[in-house]
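Visitor: Structure in C-alpha cells, see below.
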Amino acid sequence: MAAGISRDEPALLRVANVSKWFGAHQVLNSVSLSVQRSEVVCIIGPSGSGKSTLLRCMNFLEEYQSGEIFIRGKLIGYANARSGQRVRDSERNIDALRRDVAMVFQQFNLWPHMSVLDNVAQPLVLVYGKPKAEAHARARRVLEKVGLGDKIDEYPLRLSGGQQQRVGIARALAVEPAAILFDEPTSSLDPELVGEVLQVMKQLAGEGMTMVIVTHEMHFAAEVADRVIFLDQSTKVEEGTPREVFFNPKNERTRRFLETWAERNSLFTRNHAETAQRAPSV
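Numbering (our numbering) for the sequence shown: -3 to 278.
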C-alpha cells in the first residue's frame, strides 16, 4: 500500500460523471473517481458491470458520451469548439496525454515474430522515437525488474502465460508512465501462474507506482489497494478502504457480491483439499 499520499495535490487521474453507451445499452452510468499519485485503486465487481470499459475510457481507448476524464488536470479525448459544443480532440493531443498512462491488457498482445527484448523496445522506437540502442538498454532494465532478464532472446510462444504477462508489464514500465492501468491481468492465466504476476504488481505498489487495477483477485486487492471501488450494473455502488469495503460494506449489494465470492472460493479450496486427500501417494 502506498505511503505518504497527499490529498492536497491535484489528482493524477480524475473521472467525473462519465457515462458510456454501446448502442442502446448503457455500460457506465455517471461514474466518478479520482486517483492520486502513488495510489493503488482496485476496481471489483461482477462480470458485465463496466469495469474494463471504465478502464479503457480512462486513457480514451473507448470514447465516452458524457462526463469528463482528466489526466494531470487536462481533459482527454475532447475539446470545446468555438460554438461551445464538445468535439473530439486531435489524435496528436489524445496521444500526448495517453502517453502518461500505460495499460496492461487481459490478453498479452505480444508480437509473436519478435523477441521478448524487441517486444518491449519496439514501441519506444516506433512511438516515442528513441534510438534503438537506448530503447534496448531500457528494455533490458525493465525485463530484469520483472524477473525476465534471462529471457530477452526468447519468443512469446516459448514463454508461459505468466511470463508473457510479465513482458506486458515490462512493456508498460518501459515508457516510464505516470500511471499504469491493469485490466484483469491474471484472468487469462492458469491458477499456478497467477502468483508470479501478482508478485510483480505488489513490488510496483511498494515502489509507489500509481495503478488502477480491475481484478477478481480479492485477497490481492485487500493487500495492496489504498482504495477499493465496487461497480455493479454500470454504476459505482461503493468506495472505501479495503477494510471498509471487504469487512464492513455499507451497501447490501456489495455484501452479497463478497459473500458469493467467499462461498465460491471456500468451495474451491475445500474441493481442492478433498481431491488432494484422495490422490494416490507415489
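C-beta: ideal position from N, C-alpha, C; glycine also. As the structure is a prediction and not an experimental result, all values here were calculated from the model.
Can you tell me which of the three DSSP states K47 falls into?
Guide: Three-state result, K47: helix.
Visitor: Counting only the same chain and skipping the five closest in sequence on each side, list residues whose C-beta sits under 8 Å from that of V23.
Guide: Correct list, in chain order: K16, W17, G46, T49, S230.
Visitor: CB A98 to CB V190, shorter than 8 Å?
Guide: In this structure, V190 does not lie closer than 8 Å to A98 by Cβ.
Visitor: Mind checking who V224 pairs with in its DSSP beta bridge?
Guide: Looking at the DSSP assignment, V224 forms a beta bridge with C38, G236.
Visitor: Express the C-alpha separation of G236 and V224 in angstroms, rounding to a whole number.
Guide: Computed Cα separation, rounded: 6 Å.
Visitor: Give me the DSSP bridge partner(s) of L177.
Guide: Beta-bridge pairing links L177 to M99, V208.
Visitor: By the 10 Å Cβ neighbour count, where 16 or more other Cβ atoms means buried, how is E188 classified, buried or exposed?
Guide: Counting Cβ neighbours within 10 Å, E188 comes out exposed, since fewer than 16 surround it.
Visitor: Determine the direct distance from the alpha carbon of A168 to that of E140, and round the result to whole angstroms.
Guide: So the alpha carbons of these two residues sit roughly 14 Å apart.
Visitor: Using a Cβ-Cβ cut-off of 6 Å (strictly less than) and excluding sequence neighbours within five positions of V138, which residues of its own chain qualify?
Guide: Closer than 6 Å at the Cβ level, and outside the excluded window around V138, lie A166, L169, A170.
Visitor: Closest to Q118 by CA distance: which of I40, E5, H132 is it?
Guide: Here the closest residue by C-alpha is H132.
Visitor: Tell me whether K126 is buried or exposed, calling it buried when 16 or more other Cβ atoms sit within 10 Å of its Cβ.
Guide: So K126 counts as buried.
Visitor: Applying the criterion that 16 or more other CB atoms from any shown protein chain within 10 Å of the CB defines a buried residue, is V196 buried or exposed?
Guide: Buried.
Visitor: I'd like the ranges of any beta strand (DSSP E) spanning at least 3 consecutive residues and lying wholly in the segment 73 to 121.
Guide: Runs of the beta strand (DSSP E) inside the segment 73 to 121: 74 to 76, 82 to 84, 97 to 100.
Visitor: For V112, which residues of its own chain have a beta-carbon under 6 Å away from its beta-carbon, when the five flanking residues on both sides are left out?
Guide: Hits under 6 Å: K147, I148, E150, V163.
Visitor: By the 10 Å Cβ neighbour count, where 16 or more other Cβ atoms means buried, how is A269 classified, buried or exposed?
Guide: Below a pLDDT of 50, predicted positions are generally treated as unreliable, and A269, at 41, falls in that range; the measurement from the model is reported next regardless. A269 is exposed by the Cβ-count criterion.
Visitor: Using the DSSP secondary-structure output, state which residues sit across from E64 in a beta bridge.
Guide: In DSSP, E64 forms a bridge with A12.
Visitor: Is the segment 69 to 82 touching the segment 21 to 40, taking contact as three or more C-beta pairs under 8 Å?
Guide: Result no; under three Cβ-Cβ pairs closer than 8 Å.
Visitor: Quick one: grab the DSSP three-state call for T182.
Guide: Correct three-state label for T182: coil.
Visitor: What is the rounded straight-line gap between the Cα of V193 and the Cα of L106?
Guide: Looking at the two C-alpha atoms, the distance is approximately 16 Å.
Visitor: Can you list, in chain order, the residues of its chain whose CB lies under 6 Å from that of S62, leaving out five sequence neighbours each side?
Guide: S15.
Visitor: DSSP beta-bridge partners for L71?
Guide: L71 pairs with F66.
Visitor: Would you tell me roughly how many angstroms separate the C-alpha atoms of Y74 and R94, rounded to the nearest one?
Guide: In a straight line, the C-alpha of Y74 is about 13 Å away from that of R94.
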